[in-house]
Amino acid sequence: MNRARLIVMNAALGPLDYRVPHGMSVEPGSVVVAPLGPRQMIGVVWEAERLPTQEVGDNRLRNLLHVYDLPPIAAPLRRLVEWTADYYLAPLAAVLRMALPSSGALEGARSITEYRATGLVPERLTPQRAQALERIGERQGLVSELAIIGGVSDGVIRGLCKAGAIEAVEVAIDDPFPEPDPDHDPPALEEAQADAADELREAVAAARFAPWLLDGVTGSGKTEVYFEAIAQAIRMGKQALVLLPEIALTEPFLKRFAARFGCDPVPWHSGQRQSQRRRAWRAIASGEARVVVGARSALFLPYCRLGLIVVDEAHEASFKQEDGVQYHARDVAVMRAKLEDIAIVLASATPAIESRHMAEIGTYRELRLPDRYGGARLPDMAALDMLQDPPPRGRWLAPKLVEALEENLEAGEQSLLFLNRRGYAPLTLCRRCGYRFQCPNCTAWMVEHRFTRRLACHHCGHMMPAPQACPECKEEDSLVACGPGVERIADEVRELFPDARTAIVTSDTIWSPAKAAEFVARMEAPHDEPDSIDIVIGTQLVTKGYHFPNLTLVGVVDADLGLAGGDLRAAERTFQQIQQVSGRAGRGDKHGRVLVQSHDPNARVIRALVGGDAEGFYAAETDARREAAMPPFGRLAAIIVSSESQAEANETARLIGRAAPTHDNMAVFGPAPAPLAMLRGRHRFRLLVHAARAVPVQDIIREWLGGLSWKASIRVSVDVDPYSFL
Ligand SMILES: [Zn+2]
Ligand SMILES: [Zn+2]
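Following the numbering used here, the numbering of the sequence shown begins with 819 at its first residue and continues without gaps.
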């Protein structure tokens, strides 16, 4: 009797047993189709002994239907799926799903049918059809993808197809990717870089687990160094994976990669079309994709010959996934390297305290690049005291910063104003009655976006048109914007310097790699070209990855902003962010300077930034964490209870609180209403578990919550090692 135990792609189901019919052969990792009731499900064969479940008699087993012609999910990846599910208290199927593509890529079809506009205008041009055709432009994709781009239903796209305005095209998805050439254009490395590159090359050649922290100041040439490790992996016939924190950073990375290796790497991110993802997935599984660059979701793909992982900008909080499986890609990447027995490089100019600590205790090896490449100096930094030298009423830029912008404009050099707040104003209120616009679904103010003439909630995406009159007292034109967002700063810049060419860089304007490429091209255009940019106003999206030699001034509009939240990492995050954005200044021959606006220039973090005392700052932060037994010296886990009914959520949170186990070196705080007490229409309560490192927090929580039950309308999620405290 030949049985197989499966994890099926349904997070609500446990392991299931099937009969392997005569003539079919499967092994652990095989991707199969199994019957489930009247339906069919994709599943992966697993080692039965690792998935204990109720044994089912042979006579009750159903036959597997099909096994895909694909390499099985390899053992190291199976162990990673188990580890991730166990550590983050997530269902195995939910983690495994991240390793598998859509069924289309499993089928192994050689082509996919996409659609594109023919240029023909249909006889009956409804407003919807016109909108769809205009937005689609020259793009192509599946019917469903074009419907999303066009902002219409699938039916409208199909109608356009019948009318001859859109046609089908076959796209090959098994076309080979070009091979990167490790000797295409090796760079001239400086001594410190060359030494670091040698170490990393050796580590890749050794083909053993080795975690490295590549700690180099902004502009020190970290990318060139880890490129040499990638070259080594390519020479050995291995694959390399580079994780980036944001899609927007892919574009500058692709350019640098192509210059070094003669062709693009294989990208993987959510902005890709189905056809691109299918092609990439198959090439990754076959080993044909040699170097993959992607967002955190690229971490779980079934590489068959992985030889190196690089996590660039490894300090970035966006490596933490906040919904679904709440994993931290940096930490899971280290675990994958361990299970694959390969080298991993965490690269950063501002490593997280967690990573520094691992280097300090010798778990990670550290490589330092203390100087900028090519003799460029780090920029000069100064704080501007907003109480001593405030901007005029209704303005946000201090006189000294305005003066510096003016000088830069005259010199034909570029400037960057950094404010980590999208939109025009964070709060809109009525001057007459004090009414404030709050999101109906969240405990959050509606943010005015003046370009789109709307108020938007940055938590749930709820939008409303900006009203003419106050909804409370009905007074017309009584609404005032409070505080600045990037759009308001851009307005101020345009009033001050009407001839300056400006650009706003936020996730509202740079929402695809193509938009990022457009921005980079404008920044790099010669100064006398009309399309060039003089002053960029941006959010954290501009703080990293970019290299613009003519950018010599950075103004931080509100350095106090990040400290307001006051969570565990507020000071560290502020330090990293300002250090990173400062790092954009003076990367070429010209010297850079940074002006930091603050209401409290004597705050420790501002003093450390201006004084260039990163070591002192980190030492003090680390001590504070050690004393409070906070991560990495202690552990945290959050339990979030949410429901559309406040009473239900409250009641369940109390039930969980009352059942809290007592344990040495562990404390449970709460329940209390979450700071974001309502999110997307759900009321939220939080409990926080704080424990010493040695306490097996996951096992305790599993047992604790496993013994309780609640209604299906209540959601209880556990966030292990939380980064968000909202
Ligand atoms: Zn009013
Ligand atoms: Zn909202």
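Built from N, CA and C at the ideal position, the CB exists for glycine as well. Values in this document were obtained by computation on a predicted structure and should not be read as measured data.
When the beta-carbon positions are compared, residue 1398 and residue 936 stay at least 8 Å from each other. Around the beta-carbon of residue 887, fewer than 16 other beta-carbon atoms lie within 10 Å, marking it exposed. Beta-bridge partners of residue 842 (DSSP): none assigned. When beta bridges are read from the DSSP output, residue 1537 appears opposite 1456. With a 10 Å radius around the Cβ and a threshold of 16 neighbouring Cβ atoms, residue 1291 comes out exposed. At a cut-off of 7 Å, the beta-carbon of residue 1290 counts as near ligand 1: some heavy atom of the ligand is closer than that. In this structure the segment 1454 to 1461 touches the segment 1496 to 1509; the number of beta carbon pairs closer than 8 Å is three or more.
DSSP places residue 1071 in no beta strand (DSSP E) but in the uninterrupted alpha helix (DSSP H) bounded by 1068 to 1079.
Under the DSSP assignment, residue 1315 falls outside any alpha helix (DSSP H); it carries neither an H nor an E label.
Residue 1293 has its CB nearer than 7 Å to a heavy atom of ligand 1. DSSP, reduced to helix, strand and coil, places residue 1203 within a strand of the structure shown. Counting other Cβ atoms within 10 Å of its Cβ, residue 1471 reaches 16 or more and is therefore classed as buried. A check of alpha carbon separations from residue 1143 across 901, 1512, 1358, 1521 identifies 901 as the nearest. DSSP places residue 1254 in the strand class (E or B) of the three-state scheme.
The beta carbon of residue 1201 lies closer than 6 Å to those of 1414, 1416, 1419, 1424, 1428 in the same chain, with the five residues before and after it left out.
DSSP lists 1236, 1323 as the beta-bridge partner residues of residue 1356. The alpha-carbon separation between residue 1014 and residue 1190 amounts to approximately 14 Å. The beta carbon of residue 938 lies closer than 6 Å to those of 982, 983 in the same chain, with the five residues before and after it left out. Less than 8 Å divides the Cβ of residue 1125 from the Cβ of residue 1022. With a cut-off of 7 Å, the C-beta of residue 1262 is classified as near ligand 2, since at least one heavy atom of the ligand falls inside that distance. Within the same chain, and ignoring the five residues on either side of residue 1011 in sequence, the residues whose Cβ sits closer than 7 Å to its Cβ are 1039, 1042, 1043, 1187. Collapsing the DSSP output to three states places residue 1498 in coil.
In this structure, residue 844 places its C-beta atom within 8 Å of the C-beta atom of residue 863.
Around the beta carbon of residue 1299, 16 or more other beta carbons lie within 10 angstroms, which makes this residue buried. Residue 995 and residue 1311 have their C-alpha atoms roughly 45 Å apart. Using a Cβ-Cβ distance cut-off of 8 Å, the segment 965 to 972 and the segment 989 to 1005 are not in contact, since fewer than three pairs of beta carbons, one from each stretch, lie closer than that value. DSSP, read as helix, strand or coil, puts residue 1263 in strand.
CA-to-CA, the gap between residue 1389 and residue 1150 works out to about 25 Å. For the pair residue 1410 and residue 1197, the CB atoms are nearer than the 8 Å cut-off.
Shown here, residue 1493 sits in a strand according to DSSP, grouped into three states. Residue 1296 has its Cβ nearer than 7 Å to a heavy atom of ligand 1. Taking a contact to require three or more Cβ pairs closer than 8 Å, the segment 1126 to 1136 and the segment 986 to 993 do not qualify as touching. In this structure, the alpha-carbon of residue 1359 lies about 25 Å from that of residue 1257. In this model, residue 1254 and residue 1535 are separated by some 31 Å (Cα to Cα).
Taking C-alpha positions only, residue 912 is separated from residue 868 by approximately 17 Å. Assignment of residue 827 by DSSP, reduced to helix, strand and coil, places it in the coil class.
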